[in-house]
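Heads up: the sequence shown begins at 0 in numbering that gives the first Met the number 0, then just goes up one per residue. To keep things clear, I will list the structure first and then write my remarks on it.
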Amino acid sequence: MKKSLRPSALCGFICMLILVVLSGCRKDDFPEQGSEKMITEVDYDAFRFSLYVDNTNSKGSDENPGTEELPFQTIQHAANIAGPGDVICVKNGSYRERVVVKKGGEAGKPVTFVGYPRHKSQVTNGFEIRADHVELVGFDITHDQAGWNGNGIWLAGNDVKILDNYIHDVPGGAGIQPQWGNGPGAWERVVIAYNHIYRCNAGMVVAGKDWLVEKNSIERLVRPAEGGRDADYFRFFGEDHIIRGNIMYGTREDEIGTSHTDLFQSYVVNQGEYARNILIEGNFGIDFYHQGLMMSQNSDATEEMDGITIRGNIFVGAGSWNICVHGVTNLVVEYNTFANYAIHGVGLRDSRTTIPFGSTGRIRYNIFANGKSSYFSEELSHYDAGNNLLFNVREPSPSNPEMVDDPLFVNPDDPLGADGIPFTGDDGLMLKSNSPAIGMAPGNRNLGAYQN
0 MKKSLRPSAL CGFICMLILV VLSGCRKDDF PEQGSEKMIT EVDYDAFRFS LYVDNTNSKG
60 SDENPGTEEL PFQTIQHAAN IAGPGDVICV KNGSYRERVV VKKGGEAGKP VTFVGYPRHK
120 SQVTNGFEIR ADHVELVGFD ITHDQAGWNG NGIWLAGNDV KILDNYIHDV PGGAGIQPQW
180 GNGPGAWERV VIAYNHIYRC NAGMVVAGKD WLVEKNSIER LVRPAEGGRD ADYFRFFGED
240 HIIRGNIMYG TREDEIGTSH TDLFQSYVVN QGEYARNILI EGNFGIDFYH QGLMMSQNSD
300 ATEEMDGITI RGNIFVGAGS WNICVHGVTN LVVEYNTFAN YAIHGVGLRD SRTTIPFGST
360 GRIRYNIFAN GKSSYFSEEL SHYDAGNNLL FNVREPSPSN PEMVDDPLFV NPDDPLGADG
420 IPFTGDDGLM LKSNSPAIGM APGNRNLGAY QN
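This is the structure:
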(Lines of atoms letter the chains of each structure in order from A and count residues from 1; the text may use other names and numbers.)
(Lines give C-alpha, C1' and ligand atoms only; values in the text may rest on other atoms or scores of the structure.)
Protein backbone atom coordinates (compact mmCIF):
# COMPACT_ATOMS: atom_id res chain seq x y z
CA MET A 1 0.00 0.00 0.00
CA LYS A 2 3.01 2.25 -0.24
CA LYS A 3 2.44 5.45 -2.18
CA SER A 4 4.57 8.43 -3.05
CA LEU A 5 3.75 11.92 -4.20
CA ARG A 6 5.10 12.23 -7.73
CA PRO A 7 4.73 15.64 -9.45
CA SER A 8 4.03 15.60 -13.17
CA ALA A 9 6.91 16.16 -15.58
CA LEU A 10 5.66 19.61 -16.48
CA CYS A 11 5.32 20.69 -12.88
CA GLY A 12 8.97 20.12 -12.06
CA PHE A 13 8.56 20.27 -8.31
CA ILE A 14 12.07 20.05 -6.93
CA CYS A 15 11.43 20.87 -3.29
CA MET A 16 8.51 20.41 -0.95
CA LEU A 17 9.28 21.30 2.65
CA ILE A 18 6.41 21.67 5.06
CA LEU A 19 6.72 23.55 8.31
CA VAL A 20 3.47 23.72 10.22
CA VAL A 21 3.34 26.20 13.05
CA LEU A 22 0.51 25.65 15.48
CA SER A 23 -0.84 27.86 18.23
CA GLY A 24 -3.32 27.70 21.06
CA CYS A 25 -6.99 28.46 20.75
CA ARG A 26 -7.27 31.94 22.26
CA LYS A 27 -9.34 34.30 20.16
CA ASP A 28 -6.45 36.68 19.66
CA ASP A 29 -4.44 33.92 18.02
CA PHE A 30 -6.88 33.81 15.11
CA PRO A 31 -7.25 37.12 13.27
CA GLU A 32 -10.32 37.27 11.08
CA GLN A 33 -8.31 37.27 7.87
CA GLY A 34 -6.93 33.85 8.77
CA SER A 35 -3.64 32.93 10.37
CA GLU A 36 -1.70 30.98 7.79
CA LYS A 37 0.18 28.28 9.66
CA MET A 38 1.76 26.32 6.84
CA ILE A 39 4.79 27.51 4.95
CA THR A 40 5.47 25.50 1.83
CA GLU A 41 8.59 25.80 -0.27
CA VAL A 42 7.69 24.82 -3.81
CA ASP A 43 9.69 25.81 -6.85
CA TYR A 44 6.88 27.64 -8.61
CA ASP A 45 9.40 29.14 -11.00
CA ALA A 46 9.95 25.66 -12.43
CA PHE A 47 6.50 25.69 -14.04
CA ARG A 48 6.49 26.27 -17.78
CA PHE A 49 3.31 28.23 -18.42
CA SER A 50 1.44 27.91 -21.69
CA LEU A 51 -1.59 30.09 -20.91
CA TYR A 52 -2.04 33.20 -18.77
CA VAL A 53 -4.98 34.76 -16.91
CA ASP A 54 -4.71 38.26 -15.44
CA ASN A 55 -7.82 40.29 -14.64
CA THR A 56 -5.74 43.21 -13.35
CA ASN A 57 -4.12 43.70 -16.75
CA SER A 58 -5.82 46.48 -18.71
CA LYS A 59 -5.36 44.39 -21.86
CA GLY A 60 -6.89 41.27 -20.34
CA SER A 61 -9.73 39.80 -22.40
CA ASP A 62 -11.19 36.40 -23.15
CA GLU A 63 -10.81 37.34 -26.81
CA ASN A 64 -7.03 37.33 -26.38
CA PRO A 65 -4.69 34.43 -27.24
CA GLY A 66 -3.84 33.93 -23.55
CA THR A 67 -0.20 34.98 -23.73
CA GLU A 68 1.55 36.80 -20.92
CA GLU A 69 1.31 40.06 -22.89
CA LEU A 70 -2.32 39.46 -23.90
CA PRO A 71 -3.81 37.34 -21.11
CA PHE A 72 -7.32 36.04 -20.62
CA GLN A 73 -9.67 37.88 -18.30
CA THR A 74 -11.24 34.85 -16.59
CA ILE A 75 -10.04 31.51 -15.29
CA GLN A 76 -13.19 29.94 -16.67
CA HIS A 77 -12.25 30.80 -20.24
CA ALA A 78 -8.82 29.26 -19.78
CA ALA A 79 -10.46 26.13 -18.37
CA ASN A 80 -12.76 25.95 -21.38
CA ILE A 81 -9.97 25.94 -23.97
CA ALA A 82 -7.09 24.21 -22.16
CA GLY A 83 -5.92 20.82 -23.37
CA PRO A 84 -3.57 18.04 -22.24
CA GLY A 85 -0.27 19.40 -20.98
CA ASP A 86 -1.36 23.02 -20.61
CA VAL A 87 -0.08 24.83 -17.53
CA ILE A 88 -2.21 27.89 -16.77
CA CYS A 89 -0.71 30.80 -14.86
CA VAL A 90 -3.35 32.75 -12.93
CA LYS A 91 -1.79 36.06 -11.92
CA ASN A 92 -2.49 37.79 -8.62
CA GLY A 93 -5.92 39.34 -8.28
CA SER A 94 -9.44 38.65 -7.08
CA TYR A 95 -11.49 36.42 -9.37
CA ARG A 96 -15.15 36.26 -8.44
CA GLU A 97 -15.82 33.03 -10.28
CA ARG A 98 -17.04 29.53 -9.59
CA VAL A 99 -14.59 27.89 -11.95
CA VAL A 100 -15.98 24.67 -13.43
CA VAL A 101 -13.28 22.51 -15.03
CA LYS A 102 -14.90 20.14 -17.53
CA LYS A 103 -11.90 19.51 -19.79
CA GLY A 104 -8.99 17.57 -18.37
CA GLY A 105 -5.72 16.19 -19.61
CA GLU A 106 -4.42 12.69 -20.10
CA ALA A 107 -1.93 10.41 -18.40
CA GLY A 108 1.36 12.28 -18.02
CA LYS A 109 -0.16 15.47 -19.45
CA PRO A 110 -2.52 16.99 -16.90
CA VAL A 111 -4.20 20.35 -17.21
CA THR A 112 -2.55 22.34 -14.43
CA PHE A 113 -3.88 25.56 -12.87
CA VAL A 114 -1.31 27.52 -10.85
CA GLY A 115 -1.95 30.56 -8.69
CA TYR A 116 1.18 32.63 -9.24
CA PRO A 117 2.63 34.07 -7.07
CA ARG A 118 1.56 31.55 -4.45
CA HIS A 119 -1.72 32.36 -2.68
CA LYS A 120 -2.03 35.75 -4.42
CA SER A 121 -4.79 34.67 -6.80
CA GLN A 122 -8.06 34.61 -4.86
CA VAL A 123 -10.98 32.70 -6.34
CA THR A 124 -13.93 33.88 -4.31
CA ASN A 125 -16.43 31.20 -5.29
CA GLY A 126 -14.07 28.23 -5.51
CA PHE A 127 -13.57 25.44 -8.03
CA GLU A 128 -15.46 22.46 -9.38
CA ILE A 129 -13.21 19.81 -10.91
CA ARG A 130 -15.38 17.68 -13.18
CA ALA A 131 -12.68 16.10 -15.35
CA ASP A 132 -9.77 13.68 -15.08
CA HIS A 133 -6.05 14.54 -15.00
CA VAL A 134 -6.37 18.01 -13.45
CA GLU A 135 -3.99 19.71 -11.02
CA LEU A 136 -4.81 22.73 -8.85
CA VAL A 137 -1.85 24.43 -7.16
CA GLY A 138 -1.25 27.53 -5.06
CA PHE A 139 -4.62 29.34 -4.96
CA ASP A 140 -6.38 31.37 -2.29
CA ILE A 141 -9.89 29.89 -2.34
CA THR A 142 -13.03 30.91 -0.50
CA HIS A 143 -16.74 30.33 -1.05
CA ASP A 144 -19.50 32.02 0.92
CA GLN A 145 -22.48 30.82 -1.11
CA ALA A 146 -24.97 28.50 0.59
CA GLY A 147 -26.55 25.41 -0.92
CA TRP A 148 -25.71 21.75 -1.43
CA ASN A 149 -22.48 22.63 -3.25
CA GLY A 150 -21.23 25.29 -0.89
CA ASN A 151 -17.71 23.84 -0.73
CA GLY A 152 -14.34 25.37 -1.48
CA ILE A 153 -13.36 22.69 -4.00
CA TRP A 154 -15.84 20.21 -5.47
CA LEU A 155 -14.20 17.12 -6.90
CA ALA A 156 -15.59 14.70 -9.50
CA GLY A 157 -12.58 13.35 -11.36
CA ASN A 158 -9.82 10.76 -11.39
CA ASP A 159 -6.06 11.36 -11.31
CA VAL A 160 -6.48 14.76 -9.67
CA LYS A 161 -3.94 16.64 -7.55
CA ILE A 162 -4.90 19.47 -5.18
CA LEU A 163 -1.68 20.94 -3.78
CA ASP A 164 -0.68 23.87 -1.59
CA ASN A 165 -3.92 25.86 -1.63
CA TYR A 166 -5.19 28.16 1.10
CA ILE A 167 -8.91 27.34 1.45
CA HIS A 168 -10.70 29.50 3.96
CA ASP A 169 -13.98 30.98 5.17
CA VAL A 170 -16.35 28.41 3.74
CA PRO A 171 -19.05 28.61 6.42
CA GLY A 172 -21.59 26.26 4.84
CA GLY A 173 -19.45 23.44 3.47
CA ALA A 174 -16.17 21.58 3.44
CA GLY A 175 -12.85 22.85 2.25
CA ILE A 176 -12.66 19.91 -0.17
CA GLN A 177 -15.67 17.73 -1.02
CA PRO A 178 -15.99 14.97 -3.63
CA GLN A 179 -19.16 14.19 -5.48
CA TRP A 180 -20.76 11.09 -4.04
CA GLY A 181 -19.21 7.82 -5.13
CA ASN A 182 -17.11 5.07 -3.57
CA GLY A 183 -14.77 2.30 -4.58
CA PRO A 184 -13.62 1.30 -8.05
CA GLY A 185 -15.18 3.42 -10.74
CA ALA A 186 -15.69 6.40 -8.46
CA TRP A 187 -12.89 8.94 -7.93
CA GLU A 188 -9.55 7.20 -8.04
CA ARG A 189 -5.87 8.14 -7.61
CA VAL A 190 -6.44 11.52 -6.01
CA VAL A 191 -3.64 13.37 -4.19
CA ILE A 192 -4.48 16.13 -1.70
CA ALA A 193 -1.39 17.56 -0.03
CA TYR A 194 0.09 20.67 1.59
CA ASN A 195 -3.21 22.59 1.75
CA HIS A 196 -4.18 24.90 4.59
CA ILE A 197 -7.91 24.78 5.37
CA TYR A 198 -9.08 27.52 7.73
CA ARG A 199 -12.50 28.47 9.14
CA CYS A 200 -14.54 26.05 7.08
CA ASN A 201 -17.62 24.22 8.31
CA ALA A 202 -15.78 20.93 7.68
CA GLY A 203 -12.27 20.00 6.64
CA MET A 204 -12.47 17.48 3.82
CA VAL A 205 -14.19 14.31 2.71
CA VAL A 206 -12.21 11.39 1.27
CA ALA A 207 -14.16 9.00 -0.95
CA GLY A 208 -13.67 6.65 -3.86
CA LYS A 209 -10.48 4.60 -4.14
CA ASP A 210 -6.73 5.03 -3.75
CA TRP A 211 -6.36 8.56 -2.36
CA LEU A 212 -3.23 9.98 -0.75
CA VAL A 213 -4.11 12.76 1.71
CA GLU A 214 -0.89 14.06 3.19
CA LYS A 215 0.51 16.99 5.18
CA ASN A 216 -2.55 19.20 5.16
CA SER A 217 -3.23 21.70 7.92
CA ILE A 218 -6.87 22.02 9.02
CA GLU A 219 -7.53 24.84 11.44
CA ARG A 220 -10.48 26.22 13.39
CA LEU A 221 -13.64 24.58 12.12
CA VAL A 222 -16.81 26.66 12.41
CA ARG A 223 -20.52 26.05 11.98
CA PRO A 224 -22.98 28.80 11.02
CA ALA A 225 -25.79 29.68 13.40
CA GLU A 226 -28.30 28.27 10.91
CA GLY A 227 -27.77 25.31 8.61
CA GLY A 228 -24.37 23.86 7.95
CA ARG A 229 -23.19 20.37 8.84
CA ASP A 230 -21.37 18.59 11.61
CA ALA A 231 -17.94 20.17 11.89
CA ASP A 232 -15.61 17.20 11.37
CA TYR A 233 -12.00 17.47 10.27
CA PHE A 234 -12.06 14.36 8.05
CA ARG A 235 -14.74 12.00 6.82
CA PHE A 236 -13.62 9.00 4.83
CA PHE A 237 -15.36 6.37 2.71
CA GLY A 238 -14.32 3.91 0.03
CA GLU A 239 -11.10 1.91 0.00
CA ASP A 240 -7.32 1.90 -0.21
CA HIS A 241 -6.78 5.41 1.16
CA ILE A 242 -3.76 6.77 3.03
CA ILE A 243 -4.37 9.74 5.35
CA ARG A 244 -1.09 10.71 6.98
CA GLY A 245 0.92 13.56 8.42
CA ASN A 246 -2.03 15.96 8.71
CA ILE A 247 -2.47 18.53 11.48
CA MET A 248 -5.86 19.36 13.02
CA TYR A 249 -6.11 22.17 15.54
CA GLY A 250 -7.61 25.46 16.69
CA THR A 251 -11.31 24.60 16.86
CA ARG A 252 -13.28 26.35 19.60
CA GLU A 253 -16.29 24.81 21.26
CA ASP A 254 -18.23 28.08 21.11
CA GLU A 255 -17.89 28.24 17.30
CA ILE A 256 -19.25 24.83 16.30
CA GLY A 257 -22.79 25.06 17.67
CA THR A 258 -24.42 21.66 18.03
CA SER A 259 -21.73 19.84 16.05
CA HIS A 260 -20.25 16.62 17.34
CA THR A 261 -16.74 17.32 16.11
CA ASP A 262 -14.42 14.40 15.35
CA LEU A 263 -10.93 14.26 13.90
CA PHE A 264 -11.90 11.29 11.70
CA GLN A 265 -15.36 9.90 11.04
CA SER A 266 -16.92 7.26 8.82
CA TYR A 267 -20.26 5.49 8.77
CA VAL A 268 -22.54 3.18 6.81
CA VAL A 269 -25.90 4.91 6.62
CA ASN A 270 -26.63 5.74 2.98
CA GLN A 271 -26.52 3.29 0.10
CA GLY A 272 -22.99 2.57 -1.10
CA GLU A 273 -21.20 3.82 2.01
CA TYR A 274 -18.38 1.67 3.32
CA ALA A 275 -14.76 1.95 4.43
CA ARG A 276 -12.14 -0.71 3.75
CA ASN A 277 -8.35 -0.88 3.84
CA ILE A 278 -7.69 2.60 5.24
CA LEU A 279 -4.39 3.75 6.78
CA ILE A 280 -4.54 6.72 9.18
CA GLU A 281 -0.95 7.37 10.18
CA GLY A 282 1.21 10.04 11.78
CA ASN A 283 -1.51 12.66 12.24
CA PHE A 284 -1.68 15.18 15.08
CA GLY A 285 -4.93 16.37 16.67
CA ILE A 286 -5.11 18.97 19.42
CA ASP A 287 -7.42 21.63 20.90
CA PHE A 288 -11.17 21.07 21.01
CA TYR A 289 -12.76 17.96 19.50
CA HIS A 290 -15.02 15.20 20.75
CA GLN A 291 -13.56 11.97 19.36
CA GLY A 292 -10.41 11.05 17.51
CA LEU A 293 -12.10 8.38 15.39
CA MET A 294 -15.79 7.54 15.21
CA MET A 295 -17.19 4.74 13.01
CA SER A 296 -20.72 3.41 13.06
CA GLN A 297 -23.72 2.29 10.99
CA ASN A 298 -27.51 2.27 11.05
CA SER A 299 -29.78 -0.69 11.69
CA ASP A 300 -30.16 -1.85 8.07
CA ALA A 301 -26.55 -1.35 6.97
CA THR A 302 -25.18 -4.08 4.69
CA GLU A 303 -21.77 -2.71 3.64
CA GLU A 304 -18.68 -3.32 5.74
CA MET A 305 -16.08 -1.31 7.60
CA ASP A 306 -12.95 -3.43 7.63
CA GLY A 307 -9.19 -3.19 7.73
CA ILE A 308 -8.80 0.22 9.37
CA THR A 309 -5.27 0.90 10.67
CA ILE A 310 -4.63 3.72 13.17
CA ARG A 311 -0.86 3.99 13.58
CA GLY A 312 1.60 6.52 14.97
CA ASN A 313 -0.91 9.28 15.66
CA ILE A 314 -1.03 11.76 18.52
CA PHE A 315 -4.49 12.64 19.85
CA VAL A 316 -4.42 15.23 22.64
CA GLY A 317 -7.37 16.44 24.66
CA ALA A 318 -10.31 14.47 23.26
CA GLY A 319 -13.51 15.67 24.91
CA SER A 320 -14.91 12.16 24.77
CA TRP A 321 -13.27 9.05 23.23
CA ASN A 322 -10.08 8.67 21.28
CA ILE A 323 -11.45 5.78 19.22
CA CYS A 324 -15.04 4.52 19.20
CA VAL A 325 -16.04 1.94 16.59
CA HIS A 326 -19.26 -0.02 16.08
CA GLY A 327 -19.08 -3.12 13.92
CA VAL A 328 -15.58 -2.53 12.54
CA THR A 329 -13.58 -5.67 11.78
CA ASN A 330 -9.80 -6.01 11.65
CA LEU A 331 -9.11 -2.70 13.35
CA VAL A 332 -5.43 -2.11 14.14
CA VAL A 333 -4.50 0.47 16.79
CA GLU A 334 -0.74 0.61 17.30
CA TYR A 335 2.08 3.01 18.23
CA ASN A 336 -0.27 5.88 19.08
CA THR A 337 -0.05 8.38 21.92
CA PHE A 338 -3.44 9.20 23.50
CA ALA A 339 -3.11 11.92 26.13
CA ASN A 340 -5.27 14.11 28.36
CA TYR A 341 -8.65 12.78 27.23
CA ALA A 342 -11.98 12.95 29.01
CA ILE A 343 -13.45 9.45 28.78
CA HIS A 344 -12.24 6.36 26.92
CA GLY A 345 -9.08 5.41 25.08
CA VAL A 346 -10.32 2.76 22.62
CA GLY A 347 -13.73 1.10 22.55
CA LEU A 348 -14.60 -1.85 20.32
CA ARG A 349 -18.38 -1.88 20.29
CA ASP A 350 -21.01 -4.11 18.77
CA SER A 351 -22.65 -3.08 15.52
CA ARG A 352 -25.92 -1.16 15.46
CA THR A 353 -27.43 -3.43 12.82
CA THR A 354 -30.72 -5.26 13.40
CA ILE A 355 -28.74 -8.47 13.85
CA PRO A 356 -25.67 -7.20 15.70
CA PHE A 357 -22.13 -8.43 15.27
CA GLY A 358 -18.94 -7.57 17.06
CA SER A 359 -15.93 -5.45 16.26
CA THR A 360 -12.54 -7.14 16.10
CA GLY A 361 -9.07 -5.70 16.35
CA ARG A 362 -5.58 -5.45 17.74
CA ILE A 363 -4.47 -2.85 20.31
CA ARG A 364 -0.72 -2.84 20.88
CA TYR A 365 2.31 -0.61 21.55
CA ASN A 366 0.25 2.49 22.45
CA ILE A 367 0.52 4.96 25.32
CA PHE A 368 -2.70 5.82 27.18
CA ALA A 369 -2.09 8.71 29.58
CA ASN A 370 -4.36 10.84 31.75
CA GLY A 371 -7.86 9.72 30.83
CA LYS A 372 -10.74 7.76 32.31
CA SER A 373 -10.16 4.33 30.78
CA SER A 374 -7.68 2.58 28.52
CA TYR A 375 -9.64 0.22 26.26
CA PHE A 376 -12.55 -2.20 26.35
CA SER A 377 -14.88 -4.29 24.20
CA GLU A 378 -18.61 -4.96 24.30
CA GLU A 379 -20.27 -8.37 24.50
CA LEU A 380 -19.88 -9.53 20.89
CA SER A 381 -16.62 -7.72 20.22
CA HIS A 382 -13.11 -8.87 20.99
CA TYR A 383 -9.51 -7.74 20.64
CA ASP A 384 -5.96 -8.96 20.83
CA ALA A 385 -4.21 -6.51 23.14
CA GLY A 386 -1.07 -6.09 25.18
CA ASN A 387 2.27 -4.33 25.40
CA ASN A 388 0.68 -0.92 25.89
CA LEU A 389 1.70 1.61 28.53
CA LEU A 390 -1.04 2.86 30.85
CA PHE A 391 -0.74 5.88 33.11
CA ASN A 392 -3.47 7.46 35.20
CA VAL A 393 -6.19 5.52 33.35
CA ARG A 394 -8.38 2.58 34.32
CA GLU A 395 -6.88 -0.75 33.31
CA PRO A 396 -8.80 -2.99 30.91
CA SER A 397 -11.04 -5.75 32.19
CA PRO A 398 -10.09 -8.54 31.90
CA SER A 399 -6.55 -7.38 32.47
CA ASN A 400 -3.81 -7.81 29.88
CA PRO A 401 -0.03 -7.90 30.09
CA GLU A 402 0.39 -4.15 30.24
CA MET A 403 2.96 -1.79 31.67
CA VAL A 404 1.45 0.57 34.23
CA ASP A 405 3.88 3.41 34.73
CA ASP A 406 4.52 7.09 34.10
CA PRO A 407 5.68 7.41 30.45
CA LEU A 408 7.86 10.35 31.47
CA PHE A 409 6.87 12.80 28.77
CA VAL A 410 9.29 15.70 28.36
CA ASN A 411 6.56 18.26 29.10
CA PRO A 412 2.98 16.94 29.01
CA ASP A 413 1.59 20.46 29.51
CA ASP A 414 3.09 21.68 26.22
CA PRO A 415 2.53 18.95 23.61
CA LEU A 416 3.87 21.01 20.70
CA GLY A 417 6.85 22.54 22.41
CA ALA A 418 8.25 26.02 21.99
CA ASP A 419 8.32 25.94 18.20
CA GLY A 420 4.67 24.92 17.94
CA ILE A 421 5.52 22.34 15.27
CA PRO A 422 4.52 18.68 15.73
CA PHE A 423 6.98 15.82 15.45
CA THR A 424 10.02 18.01 16.11
CA GLY A 425 12.70 17.75 18.75
CA ASP A 426 11.00 19.94 21.36
CA ASP A 427 7.56 18.29 21.42
CA GLY A 428 6.28 17.93 24.95
CA LEU A 429 5.01 14.37 24.45
CA MET A 430 8.40 13.08 23.44
CA LEU A 431 9.88 10.61 25.88
CA LYS A 432 12.61 11.40 28.37
CA SER A 433 15.74 9.30 28.02
CA ASN A 434 14.77 7.23 31.07
CA SER A 435 11.17 6.61 29.96
CA PRO A 436 9.94 3.05 30.54
CA ALA A 437 8.38 3.15 27.05
CA ILE A 438 11.72 3.29 25.24
CA GLY A 439 12.72 0.13 23.44
CA MET A 440 9.72 -1.86 24.66
CA ALA A 441 8.18 -2.66 21.25
CA PRO A 442 9.46 -5.19 18.70
CA GLY A 443 12.68 -4.21 16.96
CA ASN A 444 13.69 -2.04 19.93
CA ARG A 445 11.03 0.50 18.98
CA ASN A 446 9.33 2.73 21.53
CA LEU A 447 5.77 2.51 22.70
CA GLY A 448 3.64 5.40 21.46
CA ALA A 449 4.08 7.67 18.46
CA TYR A 450 7.54 9.09 19.14
CA GLN A 451 10.45 6.97 17.98
CA ASN A 452 13.19 9.24 19.32
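Idealized CB from N, CA, C, for every residue including glycine.
- Ranking Asn181, Met293, Ala440 and Ser120 by CA distance to the CA of Leu154 puts Asn181 first.
- Three or more beta-carbon pairs separated by less than 8 angstroms are not found between the stretch 405-424 and the stretch 259-278, which leaves the two stretches without contact.
- By the 16-neighbour rule on beta-carbons within 10 angstroms, Gln270 is exposed.
- Short of 6 angstroms from the beta carbon of Asp305, and not among the five residues preceding or following it, lie these beta carbons of its own chain, in chain order: Arg275, Thr328 and Asn329.
- In terms of CA proximity to Gly137, Cys88 leads the group Pro109, Cys88 and Gln144.
- For the 8 angstroms CB-CB criterion, Ala436 and Leu388 form a contact.
- Straight through space, the alpha carbons of Asp261 and Gly370 are spaced by roughly 17 angstroms.
- Lys160 has Glu134 and Val190 as its beta-bridge partners, per DSSP.
- Non-local C-beta neighbours of Val110 in its own chain, meaning closer than 6 angstroms and more than five positions away in sequence, comprise Ala81, Asp85, Gly103, Gly104 and Val133, ordered along the chain.
- DSSP links Lys58 through a beta bridge to no other residue.
- When DSSP states are grouped into helix, strand and coil, Ala230 belongs to the coil group.
- Counting other Cβ atoms within 10 Å of its Cβ, Asn433 stays below 16 and is therefore classed as exposed.
- Rounded to whole angstroms, the separation of the alpha carbons of Val315 and Pro414 is 8 angstroms.
- Here Pro411 is not near Leu430, since their CB atoms are 8 angstroms or more apart.
- The continuous alpha helix (DSSP H) containing His76 extends over residues Ile74 to Ile80.
- Phe356 counts as exposed, since fewer than 16 other C-beta atoms from the protein chains shown sit within 10 angstroms of its C-beta.
- Under the three-state reduction of DSSP output, Pro435 falls in the coil class, being neither helix nor strand.
- Straight through space, the alpha carbons of Gln296 and Val268 are spaced by roughly 6 angstroms.
- Residues Thr123 of the same chain have their beta carbon placed closer than 6 angstroms to that of Arg95, with the five preceding and five following residues left out of the count.
- As the crow flies, the alpha-carbon of Ser49 is around 11 angstroms from that of Ala77.
- Linking Gly172 to Ile128 through their CA atoms gives a straight-line distance of about 16 angstroms.
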